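Protein chains in written order, with the numbering used here: chain X, 90 to 610; chain L, 5 to 261.
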């Protein structure tokens, strides 16, 4: 495969700086939990179902955590109180959930067992939960073996064909997802309703109404998983399912996804801060726990650096993407993730009329591949410069697909001819997949046939981006991540440590805080 | 006039039809999917449907099995219908377009203070591409964004701003104009959100105190007016067009007083 001649010393220094940047915020992550983490813990040990609140189905995990917060005892962790109540009432998880949901019991008012007893019960609950997650992980492994895995872990072959469905109705999504698999898709994302990232609870049940997408619910996960397993059986390929571990319920979605055997999760250490104005501390704390679950369940994350290029100029801001990829990589390693699980994100978002734009896109894609050799890089299609001209749009996607196969990207989210118009119609997706399969097959081994000119346009652009990245990482390391974000280091967006949504959901851990998942994951 | 002009049919504006490669041939290309299996029956259904739409000489260029139970068609036909172009009326923003320098000079001379503009993606809409292109310094297609204007105080509030928060902020900051960007259109959510903003503005007594402008790929001036806005701009609108409109509208209102 063709590689770029990048300065290895610069790469080492970039990684060292990323390590410093992350270790400076680590104390914030280690000393706090959040309502989202506590709800995830309850979900993982098997707390399911909902209560009626203000006319809607409110998750019982939220209901319990809300009560603990009201009673000002959440700093010991939901598991402290839940395990305690199990010991004192002799109830199972299901029985206790039921009694809490119907108001018969309230966790903080139950007589306390000894700390060692609580720890023991909590540990047992967590180990049992992890056995279940491990079963789902092994189930994926055996299905991949049985059906055949279209994802090439060495990236020598073609990128994985990845498309989205977004009808708002999960049953329609299942039909569209199956149709996409027949057309040749190997991974399907159900785009989330745009409202959901700022909800501090996960809606319940199967949903048929959404805006710009479909709600992520555990039942919707099940419905889609089943549909794609069926499509996988029929097509003889394991089909990956994607959803979004982001927003205020970042870690619970990771827990639900692990339970329902999702394969890909959009999960970024900083996306929520920058693009959803979620509080910095909350985001960093939540991303860490979510990634620990993800690491254990062998889910692959997709980071959100492509978004930097849709808000800031794509030709000039390649270094923001790379700096963020280094930081995302470091945060993921801290949460015990393997490099093979890191679908670091980027995108082909440069102005199509920029001279030599294809060379610049190849430069960025190739450098991303070369800098993160084990990561299944996630390559996102042009969106920013697309308008209603679907014919030109289809051609832009062809160039994007060419760049993807030439530079051995891992996961290629296909562009749609009707981007900027509507969520994809069935035949938009069909046409996109047909086009991509043609380009991927036509240029399959081109990357093995070429070499990059040492001082050519491509090599020079890549090295410039790398140098700019080093300068940016130095600045972030000097100022600290919080200050750097405040000063618009990423996507030209400014956020403050006490601003944004969800700060009230951050909980400082008490010295008797109990959550054995932190040790077991 | 060339000497062969008499050999070519001229466009008839009173009965206008599409042009393929000969004047008035009426050729149209269509693409659609029928939720039935690929096969001769599907093809015949597609032909009949196209005929019902008002097409003659229907040709199925391709029928593709897009999925089990779904047949995708690309079809050509000659349309029977015509429109009278001479009677077409379109409601559009009628405002001269000034350069950034002209707009700055106009504000400096005739208003004498910075014009405050708040921009946001409202409701659940999280797609800031449009509002960013208009407001952010860099602008769009070589046209500087409103932040760059010396005599504008333009603030981009970003995504998912609630209508009530936007109006409250407009009062607090003494805004002159509000720019609303709408991208997501599923279930006509953009129209509902736009109408809701204007209902709230009326209730708060802000309707005539501010200039309300909407923008987005599915926004037209007509549709914005129907939602109660002052103006609407579609795809490809440059920041200078928006700035020109706002300043002219403010000056018009000033004159009326």
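C-beta: ideal position from N, C-alpha, C; glycine also.
Predicted model, so just to flag it, every value in this text is computed and none were measured.
Buried or exposed: where does residue i fall if 16 or more other Cβ atoms within 10 Å of its Cβ makes it buried?
| i | result |
| --- | --- |
| residue 254 of chain X | buried |
| residue 39 of chain L | exposed |
| residue 261 of chain L | exposed |
| residue 442 of chain X | exposed |
| residue 396 of chain X | buried |
| residue 72 of chain L | exposed |
| residue 89 of chain L | exposed |
| residue 480 of chain X | exposed |
| residue 4 of chain L | Residue 4 of chain L lies beyond the stretch modelled for chain L, which goes from 5 to 261, so this question has no answer here. |
| residue 465 of chain X | buried |
| residue 275 of chain X | buried |
| residue 550 of chain X | buried |
| residue 258 of chain L | exposed |
| residue 217 of chain L | buried |
| residue 101 of chain X | exposed |
| residue 525 of chain X | buried |
| residue 273 of chain X | buried |
Name the chain X residues that come within less than 7 Å of residue i, Cβ to Cβ?
| i | result |
| --- | --- |
| residue 76 of chain L | 516, 519 |
| residue 293 of chain L | Because chain L is modelled from 5 through 261, residue 293 of chain L falls outside the range shown and cannot be assessed. |
By the criterion of Cβ-Cβ separation under 8 Å, what are the contact partners of residue i in chain L?
| i | result |
| --- | --- |
| residue 581 of chain X | 140 |
| residue 279 of chain X | The premise fails here: residue 279 of chain X is roughly 14 Å from chain L at the closest Cβ pair, so nothing lies under 8 Å. |
| residue 473 of chain X | 133 |
| residue 268 of chain X | 70, 71, 72, 74 |
Compare the Cα-Cα distances from residue i to each of the options and report the closest residue.
| i | options | result |
| --- | --- | --- |
| residue 247 of chain X | X/144, X/589, X/496, X/576 | X/496 |
| residue 560 of chain X | X/218, X/107, X/112, X/233 | X/107 |
| residue 197 of chain X | X/205, X/168, X/223 | X/168 |
| residue 388 of chain X | X/222, X/117, X/171, X/191 | X/222 |
| residue 512 of chain X | X/184, X/214, X/261, X/593 | X/261 |
| residue 363 of chain X | X/208, X/354, X/335 | X/335 |
| residue 567 of chain X | X/112, X/357, X/92 | X/112 |
| residue 91 of chain X | X/595, X/565, X/536 | X/536 |
| residue 540 of chain X | X/483, X/525, X/455 | X/455 |
| residue 301 of chain X | L/205, L/200, L/189 | L/189 |
| residue 178 of chain L | L/62, L/159, L/29, L/134 | L/159 |
| residue 603 of chain X | X/582, X/407, X/207 | X/207 |
| residue 392 of chain X | X/414, X/227, X/323, X/586 | X/414 |
| residue 421 of chain X | X/129, X/508, X/379 | X/379 |
| residue 581 of chain X | X/446, X/237, X/444, X/360 | X/360 |
| residue 564 of chain X | X/236, X/409, X/213 | X/409 |
| residue 250 of chain L | L/138, L/13, L/197 | L/138 |
| residue 372 of chain X | X/99, X/125, X/103 | X/125 |
| residue 586 of chain X | X/114, X/225, X/201 | X/114 |
Who are the neighbours of residue i on chain C, taking C-beta pairs under 7 Å?
| i | result |
| --- | --- |
| residue 271 of chain X | No chain C appears in this structure, whose protein chains are X and L. |
So residue i packs on residue j, CB below 8 Å; how close in whole Å?
| i | j | result |
| --- | --- | --- |
| residue 237 of chain L | residue 230 of chain L | In fact, because the Cβ distance is near 15 Å, the residues do not count as touching under 8 Å. |
| residue 433 of chain X | residue 547 of chain X | Residue 433 of chain X to residue 547 of chain X, Cβ: 20 Å. No contact. |
| residue 351 of chain X | residue 377 of chain X | Contact doesn't hold; Cβ gap of about 19 Å is too wide. |
| residue 170 of chain X | residue 185 of chain X | About 10 Å; that fails the 8 Å criterion. |
| residue 149 of chain X | residue 138 of chain X | 5 Å |
| residue 416 of chain X | residue 110 of chain X | 6 Å |
| residue 609 of chain X | residue 425 of chain X | With a Cβ gap of about 11 Å, residue 609 of chain X and residue 425 of chain X do not count as contacting. |
| residue 476 of chain X | residue 437 of chain X | At roughly 16 Å, the Cβ-Cβ gap does not stay under 8 Å, so residue 476 of chain X and residue 437 of chain X are not in contact. |
| residue 167 of chain L | residue 212 of chain L | That pair is no contact at about 18 Å. |
Using a cut-off of 7 Å between C-beta atoms, extract the partners of residue i located in chain L.
| i | result |
| --- | --- |
| residue 296 of chain X | Residues of chain L passing the Cβ test: none, with the nearest at roughly 13 Å. |
| residue 399 of chain X | 133 |
| residue 402 of chain X | 142 |
| residue 509 of chain X | 221 |
At a CB-CB cut-off below 8 Å, which residues of chain X make contact with residue i?
| i | result |
| --- | --- |
| residue 191 of chain L | 257, 298, 300 |
| residue 42 of chain L | Near residue 42 of chain L there are no residues of chain X at all, since even the closest Cβ is about 12 Å away, more than 8 Å. |
| residue 153 of chain L | Under the 8 Å cutoff, chain X gives no residues; its nearest Cβ is about 18 Å from residue 153 of chain L. |
| residue 128 of chain L | 282, 283, 284, 300, 301 |
Show which residues of chain L have a CB atom less than 9 Å away from the CB atom of residue i.
| i | result |
| --- | --- |
| residue 476 of chain X | 221, 239, 240 |
List the residues of chain X whose Cβ lies closer than 9 Å to the Cβ of residue i, in chain order.
| i | result |
| --- | --- |
| residue 37 of chain L | 514, 515, 516, 519 |
| residue 164 of chain L | 283, 284, 286, 287, 365, 366 |
Would you check whether the ligand SAM has a heavy atom nearer than 7 Å to the C-beta of residue i?
| i | result |
| --- | --- |
| residue 255 of chain L | The model depicted lacks the ligand SAM and carries no ligand whatsoever. |
Is there contact here, the region 524-541 of chain X with the region 494-513 of chain X, by at least three beta-carbon pairs under 8 Å? The region 524-541 of chain X is in contact with the region 494-513 of chain X.
Touch check for the region 155-163 of chain X and the region 234-250 of chain X: three-plus C-beta pairs under 8 Å? no
Between the region 362-371 of chain X and the region 308-320 of chain X, are three or more C-beta pairs nearer than 8 Å? no
Can at least three beta-carbon pairs, one atom from the region 562-581 of chain X and one from the region 463-475 of chain X, be found at a separation below 8 Å? no
Answer yes if the region 246-256 of chain L comes into contact with the region 113-129 of chain L, meaning at least three C-beta pairs across the two stretches below 8 Å, and no otherwise. Yes: at least three Cβ pairs fall under 8 Å.
So, do the region 589-597 of chain X and the region 56-63 of chain L have three or more beta carbon pairs nearer to each other than 8 Å? no
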